[in-house]
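Chemist: For what it's worth, the numbering used here labels the leading residue of the sequence shown as 256, then goes sequentially. Dropping the structure in here first, questions after.
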Amino acid sequence: MGPMFLTKYHGLGNDFLVLFAPSIPPDAASLARRVCHRHRGVGADGLLVLTPADRPGIDAVMSLFNADGSTAEISGNGIRCVGQALVRQRGVSEAVLVVETLAGDRDLVVAPGGSPHEVLVRVDMGTARPGPALVREPVAPSVVPRRAATYDIGNPHLVVLVDDPALVDVAHDGPLLERDYPEGMNVHFIAPASDGSLTLRVWERGAGVTEACGSGAVVAALAAHEWGLVGARVTVRMPGGAADVVVGDHLTLVGPSEYIASIELPDV
């Protein structure tokens with residue numbers, strides 16, 4: 256036992272703690288609950304544990320533990336934070352990386368951002384396939400859905416088209432809709448804007464209401480594109496900021512990551 260060193264980052268307000276470790280700690284779930292607690296810990300939406308890969312060509316293995324201790328396959332915002340953590344560890348400002356996740360390997364291109372503490376990360380998010388079958392048309396007190404679909408991009412997502420996401424009670428209706436799916440579900444409320452962008456609000460499995468969701472932005476753009484609402488290149492605007500998505504043979508996510516702090520936890 257001894258001190259533990261973490262770094263903290265955020266991608267559009269979706270914040271994560273990063274731990275470099277030789278292997279996943281046996282108590283990783285309880286550690287995540289402890290350090291991610293907003294009042295009794297450091298505070299974050301999730302804990303990202305980075306371990307060495309056992310395959311050539313892989314820069315790190317990413318394991319994501321949500322604030323409630325549950326695991327997640329991938330996070331579009333989290334993997335951008337991983338990219339920044341890796342370039343900071345190497346003392347460089349840009350890099351081309353490959354990160355192993357439970358959703359598969361992901362290619363990253365990290366470039367300098369708009370400030371000394373920010374980078375811009377392009378992530379090949381792979382392809383999406385249909386998610387779990389819709390249990391029923393989404394019904395919740397503040398939601399009047401126009402359309403809905405599920406996707407799996409390594410993790411499951413329900414995309415719900417509404418007239419105005421700002422009017423949705425996400426903290427109430429997100430978990431209400433998630434309950435239809437025993438394995439959990441990320442729930443997204445979207446609407447197209449007149450400028451061709453998308454507005455998105457997020458309920459994340461294991462984290463609750465968050466400022467942004469990178470993988471959610473990707474599937475939101477894909478759904479809206481398939482429904483004929485937006486083009487193949489779209490800006491997705493979330494409470495924490497905007498990310499760009501390109502819909503093609505592979506789905507590409509481009510957005511920032513910002514370093515917040517380095518933390519030493521004594522006697523963990």
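Idealized CB from N, CA, C, for every residue including glycine. Because the structure is a prediction, the values reported are computed rather than measured.
List the whole-angstrom C-beta distance separating M295 from I334, where the pair is believed to meet the contact cut-off of C-beta under 8 Å.
Modeler: Contrary to the premise, residue 295 reads as Arg rather than Met in this sequence. The Cβ separation is near 27 Å, so there is no contact.
Chemist: Output needed for P311: all residues of its chain with C-beta closer than 6 Å, excluding positions within five of it in sequence on either side, in chain order.
Modeler: Nothing listed; no residue qualifies.
Chemist: How long is the line joining the alpha carbons of H430 and R460, rounded to whole angstroms?
Modeler: Looking at the sequence itself, residue 430 is Pro, so the reference to His does not match. Cα to Cα, the separation comes out at about 8 Å.
Chemist: Do V273 and L303 come within 8 Å of each other at the CB atom, strictly closer than that value?
Modeler: Result yes, Cβ atoms of L303 and V273 sit closer than 8 Å.
Chemist: Return the Cβ separation of R456 and V423 in integer angstroms, given the expectation that the two are a contact with Cβ distance under 8 Å.
Modeler: The pair is a contact, with the Cβ atoms about 6 Å apart (cut-off 8 Å).
Chemist: Is it right to say P511 is buried, meaning 16 or more other beta carbons lie within 10 angstroms of its own, or is it exposed?
Modeler: Classification for P511: buried.
Chemist: For A287, which residues of its own chain have a beta-carbon under 6 Å away from its beta-carbon, when the five flanking residues on both sides are left out?
Modeler: Excluding sequence neighbours, A287 sits near L302, F320, G324.
Chemist: Going by C-alpha distance, which of A315, V354, R434, A358 is nearest A327?
Modeler: Checked all of A315, V354, R434, A358; the closest Cα to A327 is A358.
Chemist: In its own chain, which residues sit with a C-beta less than 8 Å from the C-beta of G381, not counting the 5 before and 5 after it?
Modeler: Excluding residues within five positions, the ones whose Cβ falls inside 8 Å are A358, G359, R361, I408, G409, H505, L506.
Chemist: When DSSP labels each residue in this structure, what does L416 get in the three-state scheme?
Modeler: Reduced to three states, the DSSP call for L416 is strand.
Chemist: Using DSSP bridges, identify the partner residues of V351.
Modeler: For V351, which the question treats as bridged, DSSP gives the partners V364.
Chemist: The beta strand (DSSP E) that contains I515, what's its start and end?
Modeler: Where I515 is concerned, the enclosing beta strand (DSSP E) stretches over 506 to 520.
Chemist: Measure the CB-CB distance between G386 and N332 and report whether it falls below 8 Å.
Modeler: It is not a contact, given that the beta carbons lie outside the stated cut-off.
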